[in-house]
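Engineer: Just so you know, we're using numbering that gives the first Met the number 0 here: the sequence shown kicks off at 0 and counts up by one.
Quick reminder that beta carbons are idealized off the backbone N, C-alpha and C, glycines included.
One structure coming up, written as structure tokens, with questions to follow.
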Amino acid sequence: MESTKVVVYTAIFGGYDALHDPVYHYANVDYRCFTDEEDHTTEFWEVRVQPLKARTHGRAARYRKIMAHVFVPDADYSLWIDGNIALVRADIRGLCEELLAHHDIAVFKHMERDCIHQEAAANIILKKEFPQRINRQVNRYRLEGYPDHHGLVETGVLFRRHNQQTREFNEAWWQEIVRETHRDQLSFNYVCWKLGMSYAIIPGNARLNRCPWLCYVGHGVGRT
């Protein structure tokens, strides 16, 4: 691991979140933030200002989340964190070595549900997307043979080993976003199933602050 490139990255567009500095900066780990604003105050992050080039701010951030091999192409390992999550004191290299010992991706298990159909119903209730689009998506998955209760993850934190397999996963995942809804948790497990790809589970939960190296800080003011 000492000779590998490790990058922590995030994306904040439209002023939707604040940029939170880690409590401690471990050596030999790069921290990058992709954004459309120049006024982020930080001592740790390398801020890379980029034009929106997307229909919504949320879509711009999601594209960077999913397409890790495009936006951090020099990384051997990467850690994505959503803008509503802050690092506390994390040995990122140690976590990569531990969590990706036998898998190429590591994520948190969903804290409430284990099925994309349950997630679809919750998204409709919360008005996260048009119901007809969500129903079309999950009905297609069911017609293709995707089983019920096949697992569900939270995609706010993503460890990835950068190789050909994860590149193919990223691209297939993004195509689902383009083809169907922008709710990436609806398509993550489907794409894993479709590609025959397993993943590691990160212990704890970020949103419940049951992870010693993360802190859930919530979203700032802005638009998705």
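List the endpoints of the continuous beta strand (DSSP E) containing Ser-186.
Structural biologist: Element bounds for Ser-186: not the beta strand (DSSP E) but the alpha helix (DSSP H), 183-194.
Engineer: Assign Leu-207 to one of two classes, buried (16 or more other C-beta atoms within 10 Å of its C-beta) or exposed (fewer than that).
Structural biologist: exposed
Engineer: Tell me whether Val-6 sits in a helix, a strand or coil according to DSSP, three-state version.
Structural biologist: strand
Engineer: Is the segment 68-75 close to the segment 159-179, with three or more CB pairs under 8 Å?
Structural biologist: yes
Engineer: What distance in whole Å lies between the Cβ atoms of Val-216 and Ala-100, which are believed to be in contact at a cut-off of 8 Å?
Structural biologist: Not really, about 29 Å apart at Cβ, beyond 8 Å.
Engineer: Comparing C-alpha positions only, which one of Gln-49, Val-48, Gly-93 and Met-110 sits nearest to Trp-212?
Structural biologist: Gly-93
Engineer: Consult DSSP for Lys-52 and reduce its assignment to one of helix, strand or coil.
Structural biologist: coil
Engineer: Under a three-way DSSP split, which group does Arg-58 fall into?
Structural biologist: Arg-58: helix per DSSP, three-state reduction.
Engineer: Along the chain, where does the beta strand (DSSP E) containing Cys-214 start, and where does it finish?
Structural biologist: 213-215
Engineer: Quick check on the DSSP output: what are the complete alpha helix (DSSP H) runs of length 4 or more inside the segment 65-90, in order along the chain?
Structural biologist: 67-70
Engineer: Over what stretch of residues does the alpha helix (DSSP H) that includes Phe-168 continue unbroken?
Structural biologist: 163-178
Engineer: Just how far apart, CA to CA, sit Gly-82 and Arg-209?
Structural biologist: One C-alpha to the other measures close to 18 Å.
Engineer: Taking 8 Å as the line, does the beta carbon of Phe-129 fall inside it for any heavy atom of the ligand FMN?
Structural biologist: Absence of the ligand FMN from the depicted structure is noted, as is the absence of any ligand whatsoever, leaving it without description.
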